[in-house]
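Below you'll find the structure, written out as structure tokens, and then a few comments.
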Amino acid sequence: MLRKIVIAALLAGFAYTAAAQEKVLRVVPHSNLNILDPIWTTAYMARNHGYMVYDTLFGTDEKNRIQPQMVEKWSESPDHRLWTFTLRSGLAFHDGAPVTGEDVVASLERWGKRDSMGQKLMTFVDRMDAPSPNTFRIFLREACGFVLEALGKPSSNVPFIMPKRIAQTPADKQIDDATGSGPYVFAKEQFKPGDKAVYLKNTKYVPRKEAPSGTAGGKQVFVDRIEWNLALRDAQSQVNALVNGEIDILEQPAFESYAPLKADKNIQVVNSNPLGFQYMGRFNHLHPPFDNPKVRQAALAAFQQEPFLRAQIGDKEIYRSCASMFTCGTPYGSAKGSDVQSKSSVKKAQELLKASGYDGTPVVLMKPTDLASIGKLPDVAAQLLRQAGFKVDLQAMDWNTLVGRRAKKDAPAAGGWNMFFTAWVAPDIWNPLTNPAVGALGEKSWFGWPSDPAMERLRDDFARATDDAKKKALAEQIQARAFEIGTHAPLGEYINPLAARRNITGFVTGPGNLYWNIKKN
Amino acid sequence: MFLLLRLTPGDPAAILAGDAATGEQIAKIRAELGLDRPLVVQFGIWIAKVLSGDLGQSFYFRIDVATLIAQRLEPTFALATLTILIAVLVSVPLGALSAWRFGGWLDRALMGFSVLGFSVPVFVLAYLLIWLVSLKLGWLPVQGYVRIADDPLLFLKHLILPSLTLSVIYIALIARVTRASVLEALGEDYIRTARAKGLSELRVLVRHALPNAAVPIATVIGIGVAILIGGVVVTESVYAIPGLGRLTVDAVLARDFPTIQGVILFFSAIYVLINLLIDISYVFLDPRIRY
Chain A
1249 MLRKIVIAAL LAGFAYTAAA QEKVLRVVPH SNLNILDPIW TTAYMARNHG
1299 YMVYDTLFGT DEKNRIQPQM VEKWSESPDH RLWTFTLRSG LAFHDGAPVT
1349 GEDVVASLER WGKRDSMGQK LMTFVDRMDA PSPNTFRIFL REACGFVLEA
1399 LGKPSSNVPF IMPKRIAQTP ADKQIDDATG SGPYVFAKEQ FKPGDKAVYL
1449 KNTKYVPRKE APSGTAGGKQ VFVDRIEWNL ALRDAQSQVN ALVNGEIDIL
1499 EQPAFESYAP LKADKNIQVV NSNPLGFQYM GRFNHLHPPF DNPKVRQAAL
1549 AAFQQEPFLR AQIGDKEIYR SCASMFTCGT PYGSAKGSDV QSKSSVKKAQ
1599 ELLKASGYDG TPVVLMKPTD LASIGKLPDV AAQLLRQAGF KVDLQAMDWN
1649 TLVGRRAKKD APAAGGWNMF FTAWVAPDIW NPLTNPAVGA LGEKSWFGWP
1699 SDPAMERLRD DFARATDDAK KKALAEQIQA RAFEIGTHAP LGEYINPLAA
1749 RRNITGFVTG PGNLYWNIKK N
Chain B
36 MFLLLRLTPG DPAAILAGDA ATGEQIAKIR AELGLDRPLV VQFGIWIAKV
86 LSGDLGQSFY FRIDVATLIA QRLEPTFALA TLTILIAVLV SVPLGALSAW
136 RFGGWLDRAL MGFSVLGFSV PVFVLAYLLI WLVSLKLGWL PVQGYVRIAD
186 DPLLFLKHLI LPSLTLSVIY IALIARVTRA SVLEALGEDY IRTARAKGLS
236 ELRVLVRHAL PNAAVPIATV IGIGVAILIG GVVVTESVYA IPGLGRLTVD
286 AVLARDFPTI QGVILFFSAI YVLINLLIDI SYVFLDPRIR Y
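Protein sequences appear in the order of chains A and B. The opening residue of the first sequence carries number 1249 in the numbering used here; numbering runs sequentially from there. The opening residue of the second sequence carries number 36 in the numbering used here; numbering runs sequentially from there.
As structure tokens, this is what we get:
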């Protein structure tokens, strides 16, 4: 009997020690996680969830270069129409099944029905097949210059690779099964929406040998478990919890929290997304007064970026003016055509408005009252537009009302709108094909619905171009055209560094928060 | 409520689709959720499901509304119970003392505290308590919830601050009602008789005044519990407690119609049940009451 008790005590002690040694990273993500299908939605939380559980064929490194990830090697036919890819060995899904070319083809087909860049790629694709378990091929009808850029796309929708049985789910239906082949396994039974999401280390994951860089390189996992605290939404409580050591990482502190966080010796502020975000004001091209390109030009001239950034963010260390629509510091970042905005003034805006024939139609600006990160932009816009001579109707509403209303094509007086503001993470807008705001397919375009055949011809030429210099030149032409027709107004860029306890190291830079290579010391 | 929700601006499909979604994608989601059907048809489907015991599936969380409510019930129920427990244990003696020492410094001090309890916003009190008790003294955690089955001690530790925060306003409310009721009872003939019999003041207060003042006190406690179940939004937000209050707010912000409808139905049932219990309790508190 005594022996049994001793053994039981030893076992209990061992279990306790093992549990105590388990490294748990406690994270407060930037938003709530409700959708687990990163192909079905473009929500960044679903994308970040995707990076935890899925792997990608290619990644984008810190210098914005496409690098192989699940792919070992690939080749391209001389006419650029046949692409053959070989998967690296040892790839397996969480259920133990090996990753095959058929899984890849099914995943790409589903992604190609949802993602804007994927849809564009599929207009070039004749067919895809998997001639052997670790190979897949893409046959193009005609050459196009963004196959690798599309496959290594770092932000929503990321072409994550899923098992064929899951990827065969219709693209307009959400998947329920989060089986992937990524560095973490989603603990579905522990997932409580609005409370917590748990990810366990995938002990069978075989990382690449290269050092981690952006979404590329080796995805080494040094913690046993990551817990996303979805219940902690109050900004002040988030800071209190970090200061008190109850959480390890706060993904997106409020701008006004940086000063107290930096002052705490136990806290570090880490810029893990150096390219950051870009603010944008979007015109509705369907209704007066912004159905008139000259009026849009006048509004662009009124929108100097500095007042927006100063009012919204305040801290000069984390914002910068940027004349480019494609993110400054990236391959297509350029000031081409931006003079109408970047070298303008209120006086110029007044002159342009007078010349436009503006008839005094009020501009309905939608202002989200519950989204601190963009809530001040409409106030600044209203003031600048008034100074330029516009009549402004600033309407306050919660963000989700705004999201519903911006999808309406009705006239502003009938529940529609003239302008709203938002922010994009750099990879979503750094390319003329991914940037939804420069699309000009009329009613098929992103909210605002600009229509411009010349712009679409330029974007098609960009999609076909295979030469980097030509692509760069076309991107500049696209941007110049976008400023000319006033698709939207870029309003400057900012970063939103994360805050973490000092004992957390190994942060990887990327479009969102990436949780490989991270250590809890 | 069904109609009001659908008249409110906002589109659940647009919220679910994400920032870069096209109008076409949003329309598809709307159809998938059944929101493109006539309102009468939507109502018919919902009511038929409710009658068969199915509250439907959440648009936003994609799980059954009944499961969602069940997941969120424990934290809210625990918070409400502890809050009321603290409130009753503190407020009833305070109110009785106040009445006993009517007009004296104790009465004025307690009623002053009561006014303060009503006046200080819950979030201000919450931040003050967190700053003092958690950040400066390090006695209790800032946020979070631990299930009682997982760790009873941690469960209590996580609930003390939120319960204290919430209980202040209920202490103020119940203390005032207790004071008024006991004051009324203390003026009755049977109290004079009790004193004439030579009973101690404590016995007069506890044995004769308080039981006769119990009906209004029980009423206000019952109403307090009912309000607490659905009215702990701010406290749950500040202390990151995944309860029904937070669920309601998340559902409203996401225009998650099935969840809002389910939660409101649940709250209504709770109110009815609590009112029934209050009415039943009158029979035991005052034998003169018969239904």
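Note that the Cβ used here is the ideal one computed from N, Cα and C, for glycine as well.
- Taking a Cβ-Cβ cut-off of 8 Å, the neighbours of Lys63(B) in chain A comprise Asp1420, given in sequence order.
- Lys1719(A) is positioned such that its CB atom lies closer than 8 Å to that of Gly1393(A).
- Listed along chain B are Gly45, Ile50, Leu288, Ala289, Arg290, each with a C-beta nearer than 7 Å to that of Asn1648(A).
- Under the DSSP assignment, Gly1529(A) falls in the beta strand (DSSP E) whose first and last residues are 1525-1531.
- Residue Pro197(B) holds the alpha-carbon nearest to the alpha-carbon of Ile119(B) among Pro197(B), Leu189(B), Ala248(B).
- Comparing alpha carbon positions, the residue from Leu172(B), Glu223(B), Leu279(B) closest to Ile262(B) is Leu279(B).
- By the Cβ rule, the stretch 138-156 of chain B counts as touching the stretch 207-216 of chain B, because three or more pairs are nearer than 8 Å.
- Classified as buried, Ile276(B) has 16 or more neighbouring CB atoms from the shown chains inside 10 Å of its CB.
- Arg214(B) and Gly1442(A) have their alpha carbons spaced roughly 41 Å apart.
- Residue range 1667-1673 is occupied by the beta strand (DSSP E) that includes Trp1672(A), with no alpha helix (DSSP H) assigned at that position.
- For Leu1480(A), the neighbours in chain B by C-beta distance under 7 Å run, in chain order, Gln178, Ala275.
- In the DSSP assignment, Glu1565(A) is bridged to no other residue.
- With contacts defined as CB atoms closer than 8 Å, Thr1308(A) and Gly1349(A) fail to qualify as a contacting pair.
- In the DSSP assignment, Thr1427(A) falls outside any beta strand (DSSP E), carrying neither H nor E.
- Shown in chain order are the members of the stretch 148-162 of chain B whose Cβ falls below 8 Å from a Cβ of chain A: Tyr162.
- Ranking Ile264(B), Val212(B), Val239(B), Glu271(B) by CA distance to the CA of Ala249(B) puts Val212(B) first.
- Of all alpha-carbon atoms in Glu1324(A), Glu1310(A), Leu1305(A), His1328(A), the one lying nearest the alpha-carbon of Gln1317(A) is that of Leu1305(A).
- Neighbours of Ala56(B) across chain A, judged by C-beta separation under 7 Å: Thr1290.
- Taking 8 Å as the cut-off, the Cβ atoms of Asp1512(A) and Arg1274(A) do not count as close.
- When secondary structure is reduced to three states using DSSP, Gly130(B) falls in the helix class.
- Closer than 9 Å at the C-beta level to chain B, one finds these residues of the stretch 1491-1515 of chain A: Val1491, Asn1492, Glu1494, Ile1495.
- Nearest to Lys1467(A) by C-alpha distance, out of Ile1474(A), Glu1475(A), Lys1457(A), is Lys1457(A).
- Among the CB atoms of chain A, none fall inside 8 Å of the CB of Gln296(B).
- For the 8 Å CB-CB criterion, Leu282(B) and Leu201(B) do not form a contact.
- Per DSSP, Gln1635(A) is not a residue of any beta strand (DSSP E); the alpha helix (DSSP H) it occupies stretches across 1625-1636.
- At the C-beta level, Phe1387(A) and Arg1295(A) stay beyond 8 Å of one another.
- Arg1653(A) belongs to the set of residues whose beta carbon lies under 8 Å from a beta carbon in chain B.
- Within chain A, the residues whose beta carbon sits less than 8 Å from that of Asp285(B) are Asn1280, Gly1442, listed in sequence order.
- Counting the other CB atoms within 10 Å of its CB gives Asn1521(A) a total of 16 or more, which places it among the buried residues.
- Note on Gln1269(A): under 16 other CB atoms within 10 angstroms of its CB, so exposed under the neighbour-count rule.
- Between the stretch 1525-1534 of chain A and the stretch 1721-1730 of chain A, the count of Cβ pairs shorter than 8 Å is below three; the stretches do not touch.
- For Ile1287(A), the three-state secondary structure derived from DSSP is coil.
- Put simply, the backbone Cα of Leu129(B) is about 16 Å away from that of Arg242(B).
- Scanning its chain for C-beta atoms nearer than 6 Å, with the 5 sequence neighbours on each side dropped, one finds around Phe1538(A) the residues Phe1531, Asn1532, Arg1544, Asn1666, in chain order.
- In the three-state scheme derived from DSSP, where H, G and I count as helix and E and B as strand, Leu1746(A) is classed as strand.
- Secondary structure at Ser1590(A): helix, using DSSP grouped into helix, strand and coil.
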